[in-house]
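Asks: Protein chains in written order, with the working numbering: chain F, 57 to 359; chain S, 27 to 316.
(1) Checking 8 Å against the spacing of the C-beta atoms, do residue 116 of chain F and residue 123 of chain F come in under that value?
(2) Quick one: measure Cβ to Cβ for residue 38 of chain S and residue 307 of chain S, integer angstroms, because I've assumed they're closer than 8 Å.
(3) Which residue comes first and which comes last in the alpha helix (DSSP H) that contains residue 255 of chain S?
(4) Can you look up residue 208 of chain F in the DSSP assignment and give me helix, strand or coil?
(5) Which whole runs of the alpha helix (DSSP H) in the segment 80-165 of chain S are 4 residues long or more, in chain order?
(6) Looking at the unbroken alpha helix (DSSP H) that takes in residue 72 of chain F, where does it start and where does it end?
(7) Just the Cα atoms here: how many angstroms apart are residue 186 of chain S and residue 170 of chain S?
(8) Spatial neighbours of residue 190 of chain F within its chain, please: C-beta separation below 6 Å, excluding the five flanking residues on both sides.
(9) Per DSSP, which residues does residue 37 of chain S bridge with? Please list them.
(10) Would you decide whether residue 153 of chain F is buried or exposed? Buried here means 16 or more other CB atoms lie within 10 Å of its CB.
(11) Rounded to the nearest angstrom, what separates residue 221 of chain S and residue 264 of chain S at their Cα positions?
(12) Compare the C-alpha of residue 333 of chain F against each of S:31, S:56 and S:48 and name the closest.
(13) Tell me which residues of the segment 103-137 of chain S have at least one Cβ-Cβ distance to chain F shorter than 9 Å, keeping chain order.
(14) How many Å lie between residue 100 of chain S and residue 44 of chain S at the Cα?
(15) Give the DSSP bridge partners of residue 153 of chain F, in chain order.
(16) Please report how far the alpha carbon of residue 76 of chain F lies from the alpha carbon of residue 194 of chain F, in whole angstroms.
(17) Can you pull the chain F residues whose beta carbon is under 8 Å from the beta carbon of residue 47 of chain S, in chain order?
(18) Could you name the residues of the segment 77-89 of chain F whose beta carbon sits closer than 8 Å to any beta carbon of chain S, in the order they occur along the chain?
(19) When you check each C-beta in the segment 76-87 of chain S against every C-beta of chain F, which residues fall closer than 7 Å?
(20) Between which two residues does the alpha helix (DSSP H) holding residue 72 of chain S run?
(21) Locate the beta strand (DSSP E) running through residue 244 of chain S, then write down its first and last residues.
(22) Kindly list, in the order they appear in chain S, the residues whose Cβ is closer than 7 Å to that of residue 191 of chain F.
(23) Start and end of the beta strand (DSSP E) containing residue 341 of chain F?
(24) Under the assumption that residue 357 of chain F contacts residue 341 of chain F (Cβ atoms under 8 Å), give the Cβ distance between them as a whole number of angstroms.
(25) Taking 8 Å as the cut-off, does the segment 59-73 of chain F touch the segment 288-304 of chain S (at least 3 CB pairs, one atom from each stretch)?
(26) Quick one: what does DSSP say residue 47 of chain S is sitting in, helix, strand or coil?
(27) Rounding to the nearest angstrom, what Cα-Cα distance links residue 60 of chain F and residue 80 of chain S in this structure?
(28) Contact defined as beta carbons within less than 8 Å: I believe residue 337 of chain F pairs with residue 131 of chain F. What is the distance between those atoms, to the nearest angstrom?
(29) Under three-state DSSP, which class holds residue 122 of chain F?
(30) In terms of alpha-carbon separation, which member of F:170, F:71, F:120 and F:58 lies closest to residue 40 of chain S?
(31) Excluding five sequence neighbours on each side, which residues of the same chain lie with their C-beta closer than 8 Å to the C-beta of residue 350 of chain F?
(32) Is the shortest distance between the beta-carbon of residue 193 of chain S and the beta-carbons of chain F less than 8 Å?
(33) Determine whether the beta carbon atoms of residue 166 of chain F and residue 129 of chain F lie at a separation below 8 Å.
(34) Of all the residues that make up the segment 164-178 of chain S, which are near chain F by a beta-carbon distance shorter than 8 Å?
(35) Output needed for residue 146 of chain F: all residues of its chain with C-beta closer than 7 Å, excluding positions within five of it in sequence on either side, in chain order.
(36) With a cut-off of 8 Å, does the C-beta of residue 290 of chain S fall near any C-beta of chain F?
Structure below.
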């Protein structure tokens, strides 16, 4: 029998899980400037539904936890090189040009095209995972050999008992960001080019498109985009902004093994320092956490 | 049967762990357990009545081993003379039902259900000055004897005599009479107690209630009874009230600003806290709030 035993019921875990889920919020925005492009995102993610289950095989299961994006927007700003056409002389005379074709300049603004892509409808996805609780003793690697525990505490180099969720299965159904964003971008560009050329008379729009080709090809040509727009977007958002990894990383930060879900300092303080007196700390031995069908139990001995 | 059948959370503390914690506190905060005069504190290794186990870090960090108190005054000397003394709580042991044996017969010999016992070993001593100290530090000057019938005859001179007395002079510095060592004694004190929940529902407290107290092997019986009465009074008026725990709510903040957890005693178990199986068991319900 251990010196100290602490247990939490499955019902308590469900209450705690519900509370954490309902109060979870992750909001972040970032942008990158790539010359003629600016691109960025603005996201606000919440969680809903899902349940937690303690299992007799020493594992914890979280089922069908929904990622609920309140906001999940990507935006692209494109600064097209200015183009002017027309203005050539139709009727030259010895005294100069008597009649000139009208001169039309486009793409004067910066950015000329600003697109906001609402990706939230595409991020309705679920997370399920099964993990076991793992207890490890963490010896601070920065602590020199022979350093006593009080000096280590003064230097912030305490050793710790750490509890991890050792993930056995994770099922995160993330969407194909580049594919979706590519479709959205092509449609948005088509509309944006028409709006951009909106003030021009119809014949002038046709003229521009005739000169520069289809709208997407137009942008690709002007900006020297690769033919595979999906791949380019994937690189832009995935590599330059890291957005593709961001959602996964946020979830794994909560559920994955490299981040302890609980840390217990060793030796454990029971009386703090007072008027120059050292703290009273007791060593914890044999710290372990286990799961049954009914509860989670943590046990430790006093060294 | 699950530990949390009657509550959201459960905690238990085995008497073995509690006693280990007592040992750590005694070794790392010795000044809580050892009291005496400066003379005792100066060379505590030799002058305390019982040996003290002190953690090395206490000495490395120049923490005191003895809490220094004033000397034990000799009544009637106007605070001029006093004696060295020391008192130590040399051992503390808790025993939760079922008992490990050794409880004095005056306390029933064994623990009852939901009862604990506390054993405290007290080492104490007084520095008894020898003849040389008495010679070195004579009693303070006393007023001269008044001889009956001499009041009128010597009145003018008596006024003069009074001027020779140390009247209106600042009191002499207190002197702690020197000794070589303390005259030591040890007391083994046993107490039995149980836990009770008291008070109205919105402000219930868990209190330790003293059931009995016994000092082992002191004679004569009247002295033993008087000392026990004094200790028991001190426990009831000083120690026990400070051991009360307000039950309704403990609140712990969750990390990342996720709210807080309020815990309160679970009503279902028959005894909460329970003193059984050599453990203190606590059954707690939990409410998570934003």
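All C-beta atoms in this analysis are idealised placements derived from N, C-alpha and C, irrespective of residue type, glycine included.
Replies: Taking the definition as stated:
(1) In this structure, residue 116 of chain F sits away from residue 123 of chain F, with a CB-CB distance that is not shorter than 8 Å.
(2) Confirmed, Cβ separation roughly 5 Å.
(3) Residue 255 of chain S -> alpha helix (DSSP H) spans 247-260.
(4) In the structure shown, residue 208 of chain F sits in a helix (DSSP, three-state: H, G or I).
(5) 82-86 and 157-162
(6) 66-79
(7) Below a pLDDT of 50, predicted positions are generally treated as unreliable, and residue 186 of chain S, at 49, falls in that range; the measurement from the model is reported next regardless. The alpha-carbon atoms of residue 186 of chain S and residue 170 of chain S are separated by roughly 13 Å.
(8) Correct list, in chain order: 220 and 222.
(9) F:62 and S:308
(10) Residue 153 of chain F should be labelled exposed.
(11) As the crow flies, the alpha-carbon of residue 221 of chain S is around 17 Å from that of residue 264 of chain S.
(12) Ranked by how close their Cα comes to the Cα of residue 333 of chain F, the residues S:31, S:56 and S:48 have S:56 in first place.
(13) none
(14) Cα-Cα distance, rounded: 40 Å.
(15) F:148
(16) 26 Å
(17) Per Cβ cutoff of 8 Å: 326, 338 and 358.
(18) 79 and 80
(19) 83, 84 and 87
(20) 70-73
(21) In this chain, residue 244 of chain S is not harboured by any beta strand (DSSP E), its DSSP state being neither H nor E.
(22) Under the 7 Å cutoff, chain S gives no residues; its nearest Cβ is about 18 Å from residue 191 of chain F.
(23) In the DSSP assignment, residue 341 of chain F falls within the beta strand (DSSP E) that extends over 340-347.
(24) 4 Å
(25) The answer is no - the segment 59-73 of chain F does not touch the segment 288-304 of chain S, with fewer than three Cβ pairs under 8 Å.
(26) helix
(27) 25 Å
(28) Going by Cβ atoms, the distance from residue 337 of chain F to residue 131 of chain F rounds to 52 Å, so no, they are not a contact pair.
(29) strand
(30) Comparing Cα positions, the closest option is F:58.
(31) 65, 66 and 110
(32) Low per-residue confidence applies at residue 193 of chain S: pLDDT is 47, beneath 50, and the placement is therefore not dependable, though the value from the model is reported in the following sentence. It does not: the Cβ of residue 193 of chain S has no partner Cβ on chain F nearer than 8 Å.
(33) no
(34) none
(35) Same-chain partners within the cutoff: 155, 156 and 157.
(36) no
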